[in-house]
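S.K.:
2 protein chains.
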Amino acid sequence: MKKQKKFILQEKEIPTQWYNIQADMVNKPLPPIHPATKQPLTWEDLAHIFPAECSRQELDTEHRWIDIPEEVLEKYKFYRSTPLVRAYELEKALDTPAHIYFKNESVNPLGSHKINSALPQCYYAKMEGTTNVTTETGAGQWGAALAYAAKVFGLEAAVYQVKISMQQKPYRSSIMRTFGAVVTGSPSMSTRAGKDILTVNPKHSGSLGTAISEAVELAMTTPNCKYTLGSVLNHVGLHQTIIGLEAEKQMAMAGEYPDMVIACFGGGSNFGGIAFPFMRHSILDGKKTEFIAAEPESCPKLTRGVFQYDFGDEAGLTPLLPMYTLGHQFKPANIHAGGLRYHGAGVIISQLIKDKMMHGVDIPQLESFDAGMLFARTEGIIPAPESCHAIAATIREALKCKESGEEKVILFNLSGHGLIDMTAYDQYIDGDLQNYSIPDAEIAKNVAELEPIIK
Amino acid sequence: MKKQKKFILQEKEIPTQWYNIQADMVNKPLPPIHPATKQPLTWEDLAHIFPAECSRQELDTEHRWIDIPEEVLEKYKFYRSTPLVRAYELEKALDTPAHIYFKNESVNPLGSHKINSALPQCYYAKMEGTTNVTTETGAGQWGAALAYAAKVFGLEAAVYQVKISMQQKPYRSSIMRTFGAVVTGSPSMSTRAGKDILTVNPKHSGSLGTAISEAVELAMTTPNCKYTLGSVLNHVGLHQTIIGLEAEKQMAMAGEYPDMVIACFGGGSNFGGIAFPFMRHSILDGKKTEFIAAEPESCPKLTRGVFQYDFGDEAGLTPLLPMYTLGHQFKPANIHAGGLRYHGAGVIISQLIKDKMMHGVDIPQLESFDAGMLFARTEGIIPAPESCHAIAATIREALKCKESGEEKVILFNLSGHGLIDMTAYDQYIDGDLQNYSIPDAEIAKNVAELEPIIK
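In order, the protein sequence lines correspond to chains G and U.
Sequential numbering of the first sequence, starting at 1, is according to the working numbering.
Sequential numbering of the second sequence, starting at 1, is according to the working numbering.
The following block contains the structure:
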């Protein structure tokens, strides 16, 4: 066998622009609205807490291509391009005629795709005179990426990490500290929001909702401090399109074009990152590609959520966003894929789902780890629990190809490695994991009081 | 700045042969000898516990180039080539005129260079009809690599891990289990050797010596089972030359040739891997390159050891090897660089030290972590505690260049990442680490009864 396994771009071939799918969407995303006035927000409104350039990108429906700043490109070179890999061994294990490719975003210093957006967010913040950035993180992939990006652009970073996650995955806070970030378990006594929560319940173990509240409060009460977010928002997905734009060139090196593009789905950043550049050919050139977002069975917003205006956070501090949602008070089960435990889908994705440009599939936790183990033992990489969902969806499709005899070309995004999540694998091997299904009544209760979509 | 940061070989440019420096050495290594008879051992003797092909490679002083089997090359493609990276940001932080390059062996599924030898060892074992392999591991980098390699070639793997390391770095045994290996804390009740130790001391926390004894016993008492080793031996260093052979091509892409080659030093596998291919040009073409092995101050065999015949293991079960050693009963301090806590240097390296082809430097533990932190915050990669020693030695040389104004080209091997070793960084950040120096008297006591070198 002398078949090519990996497809690698040289540094000078790394794309120099991000792709803004908003410019090409037939139905543009609905605007974020103010919770009290119900008026659409402008980029100037958003720029109170986000960097101004990110705020402009958030609402930009005009420019198809957005230049990646030279300084960000220089930092991208530290780990990009990432390899496109043909999963021959996985194909063999499945005995499938499908051609399976994956984009390996796990080969970077932080171990996930999150760094692709952390770098430009910190760069823009720095250029606009900001000295401090803050964010929240659950499992810690985003927090680690932000800590690193802040360091390389000379910013101070304060990260609020969900307290229970901090205890369960202590290595991720160690990584943040190594890059110089101040990491605080949330809820904490360092903010009004945190104090209020702890006064009522001193043993509160934290949630993404409490951490967002603390980070936003810090950004609003600290001079020269901006808030950053690792998924959900349009500008985050924009930055992540570097993944798909590279993959497009690499698939051409392999002489193929994907019939299916698959990624796991939390808020949408890694899915959009790999899918949007290929979707542009579906919109503009009539290419027939199926786009599949793999969400956890225990957090089924794409398949069982409603399309409504909802808050981005549990506490209800953010603008209202038009999205497929389970309701912002929905409490996802404590699965190991911490990055997928989010109640809503990003605004662009939600419109694309509504327009039937893509669809979601639900993956039970045990099926996700079955897939991750098979992948590790064939392709040699232990995947992040989040990425296991994409692998599981890929395996489903590859087995369908085995049934039908179709030689489909499947591309999925391996968003990160699982080296900091080994306790999850231990529990799987020891038989201590379980599935979680959600009763319809629980979803109905959570979405009952949401704001209807007003066109 | 549009300078090239990374130098990447395409798959078809990956070297297809290993370089056997024994063929070019002016003074050949002395043979291993039998502890009782004092007679030199043949490859057939070694083949009782090692794969036959590895045993032949061990004593091969004739063939300069040894073909990498096609099946091993196919597996190498999973993660090779690895990038050669110009450390511009580190240079800037040091304000040095030196050009610093590093070979990034941390970008592979297992996170260190160990996989380069685990794959061929398992391949040869498989080809020779072996069904089971066994080994010992301390911190677990080698054990993880062996577990993976055994899985891809369809072998069963049994790994004895030092019990205290297993408790300190639980993620590494989780990784081994994910790849299907049976991991046993050593000393254990599964072998005669382990039972004897536990009978005397039920709370024995293990050492590399006890783990080697158990693994060797298992190999000798199990049908179709071979023993494998991750460093020290000549054939392990041979397999690792893939690192330097790639680096040689990549340095040519960068238009430079190293004035200095630096690697950390435990048994010699990653040092030999990057150094030997460049050393061949020193031997054959008169190139002037300085080769520096960075060992921990607490385990100074290269700088303060004696050149004698000594056992490879603490318990005295192996053949006698001619090496720079602190005595096989030397107990290295409990530093975090577990991979460098070994009493002796490999046979080839020892001869090269004696012939002044290379030299060692001692790095205190705190200096190693100072270096690792600076590297993480400039180049974005958290290095393994072992690799921190190479970085510290590189920084010393780069600062000398700053003094002298010399624009030297320095190449070091980043043998692995530190993501499984974050507790070490936590302790460093919290000020809980210390240096360990060794009194002369302790070294003298340990080497007093060694076998003299007989020419």
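Beta carbons: idealized from backbone N, C-alpha and C, even for Gly.
The model shown is predicted, which means the values in this text are computed figures rather than measured ones.
According to a CB-to-CB cut-off of less than 7 Å, which residues of the segment 83–110 of chain G neighbour chain U?
M.R.: Val-107, Pro-109
S.K.: Count the other C-beta atoms from every protein chain shown that fall within 10 angstroms of the C-beta of G:Pro-202, then say buried if there are 16 or more, exposed otherwise.
M.R.: Within the first sequence, the letter at position 202 stands for residue 202 of chain G. Result: exposed.
S.K.: Taking any Cβ of chain G, which residues in the segment 167–183 of chain U have a Cβ under 8 Å from it, in chain order?
M.R.: Pro-170, Tyr-171, Ser-174, Ile-175, Arg-177, Thr-178, Phe-179, Gly-180
S.K.: Give the residues of chain G in contact with U:Gly-380, contact being defined as C-beta atoms less than 9 Å apart.
M.R.: In the second sequence, the residue the question calls residue 380 of chain U occupies position 380. Within chain G, the residues near U:Gly-380 are Lys-75, Phe-78, Tyr-79, Asn-108, Pro-109, Leu-110, Ile-115, Tyr-148, Lys-151, Val-152, Phe-179.
S.K.: Between the alpha carbons of U:Leu-41 and U:Val-216, how many angstroms are there, rounded?
M.R.: Residue mapping note: residue 41 of chain U aligns to position 41 of the second sequence, counting from 1. Residue mapping note: residue 216 of chain U aligns to position 216 of the second sequence, counting from 1. Those two C-alpha atoms are separated by around 18 Å.
S.K.: Just to make sure I have the definition right: I need the residues of chain U whose C-beta is within less than 8 Å of the C-beta of G:Met-373. Which are they?
M.R.: Within the first sequence, numbered from 1, the residue matching residue 373 of chain G stands at position 373. Within chain U, the residues near G:Met-373 are Thr-178.
S.K.: By the criterion of Cβ-Cβ separation under 9 Å, what are the contact partners of U:Ile-420 in chain G?
M.R.: In the second sequence, counting from the first residue as 1, residue 420 of chain U sits at position 420. The answer, in chain order, is Tyr-171, Leu-419, Ile-420, Met-422.
S.K.: Can you tell me which of the three DSSP states U:His-359 falls into?
M.R.: The residue labelled residue 359 of chain U in the question sits at position 359 within the second sequence. In the structure shown, U:His-359 sits in a strand (DSSP, three-state: E or B).
S.K.: On the three-state DSSP scale, how would you describe U:Glu-449?
M.R.: Residue mapping note: residue 449 of chain U aligns to position 449 of the second sequence, counting from 1. Looking at U:Glu-449 - three-state DSSP - the assignment turns out to be coil, as it is neither helix nor strand.
S.K.: Per DSSP, what kind of secondary structure is U:Tyr-227 in: helix, strand or coil?
M.R.: Counting from 1 along the second sequence, the entry for residue 227 of chain U is found at position 227. Residue state, collapsed to three classes: strand.
S.K.: Considering just the uninterrupted stretch of the alpha helix (DSSP H) at G:Glu-13, what are its terminal residues?
M.R.: Position 13 of the first sequence, counting from 1, holds the residue named residue 13 of chain G. No alpha helix (DSSP H) holds G:Glu-13; DSSP gives it neither H nor E.
S.K.: Just checking my contact of G:Tyr-324 with G:Ala-345 at CB under 8 Å: how many whole Å lie between their CB atoms?
M.R.: What you label residue 324 of chain G is simply residue 324 of the first sequence in a count that begins at 1. What you label residue 345 of chain G is simply residue 345 of the first sequence in a count that begins at 1. Yes, G:Tyr-324 and G:Ala-345 are in contact; Cβ-Cβ is about 4 Å, under 8 Å.
S.K.: With a 10 Å radius around its C-beta and 16 neighbouring C-beta atoms as the bar for buried, classify U:Pro-452 as buried or exposed.
M.R.: As a working mapping, residue 452 of chain U is identified with position 452 in the second sequence. Exposed: under 16 other Cβ atoms inside 10 Å.
S.K.: Tell me the rounded alpha-carbon separation between G:Pro-296 and U:Ala-333.
M.R.: Within the first sequence, the letter at position 296 stands for residue 296 of chain G. Within the second sequence, the letter at position 333 stands for residue 333 of chain U. Between the C-alpha atoms of G:Pro-296 and U:Ala-333 there is a straight-line separation of about 47 Å.
S.K.: Name, please, each residue of chain G whose Cβ falls closer than 9 Å to the Cβ of U:Glu-256.
M.R.: Residue mapping note: residue 256 of chain U aligns to position 256 of the second sequence, counting from 1. Ordered by position in chain G, no residue passes the 9 Å Cβ test against U:Glu-256, which lies about 17 Å from the chain.
S.K.: At a CB-CB cut-off below 7 Å, which residues of chain G make contact with U:Tyr-425?
M.R.: As a working note, residue 425 of chain U is residue 425 in the second sequence. Ordered by position in chain G, the residues that pass the 7 Å Cβ test against U:Tyr-425 are Ser-174, Thr-178.
S.K.: List the residues of chain U whose Cβ lies closer than 8 Å to the Cβ of G:Gln-10, in chain order.
M.R.: Looking up residue 10 of chain G in the first sequence gives position 10. Identification of chain U residues near G:Gln-10 by a Cβ-Cβ cut-off of 8 Å yields Ile-8, ordered along the chain.
S.K.: With DSSP collapsed to three states, give me the class of G:Asp-370.
M.R.: Numbered from 1 along the first sequence, position 370 holds the residue referred to as residue 370 of chain G. Shown here, G:Asp-370 sits in a helix according to DSSP, grouped into three states.
S.K.: If I measure Cβ to Cβ from G:Ile-164 and keep anything under 7 Å in the same chain, skipping five residues before and after, which residues do I get?
M.R.: By one-based count along the first sequence, residue 164 of chain G stands at place 164. Ser-205, Gly-206, listed in sequence order.
S.K.: Give a yes or no on whether the C-beta atoms belonging to U:Lys-408 and U:Met-260 are separated by under 9 Å.
M.R.: Here the question's residue 408 of chain U lines up with position 408 in the second sequence. Here the question's residue 260 of chain U lines up with position 260 in the second sequence. Cβ atoms of U:Lys-408 and U:Met-260: closer than 9 Å.
S.K.: U:Ile-21 and U:Ser-81 look like a contact to me (Cβ under 8 Å); what is the Cβ gap, rounded to whole Å?
M.R.: Taking the first residue of the second sequence as 1, we reach residue 21 of chain U at position 21. Taking the first residue of the second sequence as 1, we reach residue 81 of chain U at position 81. Not confirmed; about 21 Å, so no contact.
S.K.: Could you check which residue in G:Ser-298, G:Thr-423, G:Pro-258 has the C-alpha nearest to that of G:Pro-439?
M.R.: To locate residue 439 of chain G, count along the first sequence from 1; it is residue 439. With distances taken between Cα atoms, G:Pro-439 lies closest to G:Ser-298.
S.K.: What is the DSSP secondary structure of U:Cys-299, counted as helix, strand or coil?
M.R.: On the second sequence, position 299 is the one that residue 299 of chain U refers to. The answer is coil: DSSP assigns U:Cys-299 none of H, G, I, E or B.
S.K.: Could you check which residue in U:His-343, U:Leu-366, U:Thr-199, U:Glu-58 has the C-alpha nearest to that of U:Thr-228?
M.R.: For the purposes of this step, residue 228 of chain U is taken as the residue at position 228 of the second sequence. Nearest of U:His-343, U:Leu-366, U:Thr-199, U:Glu-58 to U:Thr-228, Cα basis: U:Glu-58.
S.K.: Quick check on the DSSP output: the beta strand (DSSP E) that includes U:Phe-102 runs from which residue to which?
M.R.: Start at 1 with the first residue of the second sequence, and residue 102 of chain U comes out as number 102. From DSSP, the beta strand (DSSP E) with U:Phe-102 extends over 99–104.
S.K.: Does any residue of chain U have a CB that is nearer than 9 Å to the CB of G:Gln-161?
M.R.: Within the first sequence, residue 161 of chain G is the residue found at index 161, counting from 1. Not an interface residue.
S.K.: Please give me, in chain order, every unbroken run of the beta strand (DSSP E) with length at least 3 that falls completely inside the segment 256–335 of chain G.
M.R.: Listed in chain order, the complete beta strand (DSSP E) runs (minimum 3 residues) inside the segment 256–335 of chain G are 260–264, 290–296, 306–311, 320–325.
S.K.: Just how far apart, CA to CA, sit G:Phe-7 and U:Gly-305?
M.R.: As a first step, residue 7 of chain G must be located in the first sequence, where it is residue number 7. As a first step, residue 305 of chain U must be located in the second sequence, where it is residue number 305. Whole-angstrom Cα-Cα distance: 47 Å.
S.K.: Across which residues does DSSP place U:Glu-89 in a beta bridge pair?
M.R.: Along the second sequence, read from residue 1 onward, the residue named residue 89 of chain U stands at position 89. Paired residue(s): none; U:Glu-89 is not in a bridge.
S.K.: Identify the continuous beta strand (DSSP E) that holds G:Gln-4 and give its terminal residues.
M.R.: Position 4 of the first sequence, counted from the first residue, corresponds to residue 4 of chain G. Where G:Gln-4 is concerned, there is no enclosing beta strand (DSSP E), given that its DSSP letter is neither H nor E.
S.K.: Taking a contact to mean a Cβ-Cβ separation below 9 Å, would you say G:Thr-191 touches G:Glu-214 in this structure?
M.R.: For the purposes of this step, residue 191 of chain G is identified with residue 191 of the first sequence, where counting begins at 1. For the purposes of this step, residue 214 of chain G is identified with residue 214 of the first sequence, where counting begins at 1. Yes, the Cβ-Cβ distance between G:Thr-191 and G:Glu-214 is below 9 Å.
S.K.: Rounding to the nearest angstrom, what Cα-Cα distance links U:Pro-127 and U:Asp-60 in this structure?
M.R.: Position 127 of the second sequence, counted from the first residue, corresponds to residue 127 of chain U. Position 60 of the second sequence, counted from the first residue, corresponds to residue 60 of chain U. Per the sequence shown, the amino acid found at residue 127 of chain U is Met instead of Pro. Rounded to whole angstroms, U:Met-127 to U:Asp-60 spans 20 Å at the Cα level.
S.K.: First and last residue of the beta strand (DSSP E) that includes G:Gly-185?
M.R.: Counting from one through the first sequence, the residue named residue 185 of chain G turns up at place 185. Start and end: 182–186.
S.K.: Counting contacts by CB-CB distance shorter than 9 Å, is G:Ala-157 in contact with chain U?
M.R.: Within the first sequence, the letter at position 157 stands for residue 157 of chain G. Not one chain U Cβ lies under 9 Å of G:Ala-157.
S.K.: G:Leu-419: beta carbon under 8 Å from a heavy atom of the ligand PLP?
M.R.: Ligands displayed in this structure: none; no statement on the ligand PLP is therefore possible.
S.K.: What does the Cβ neighbour count give for G:Asp-313, buried or exposed, with the cut at 16 atoms within 10 Å?
M.R.: Within the first sequence, residue 313 of chain G is the residue found at index 313, counting from 1. The residue is buried, with at least 16 neighbouring Cβ atoms inside 10 Å.
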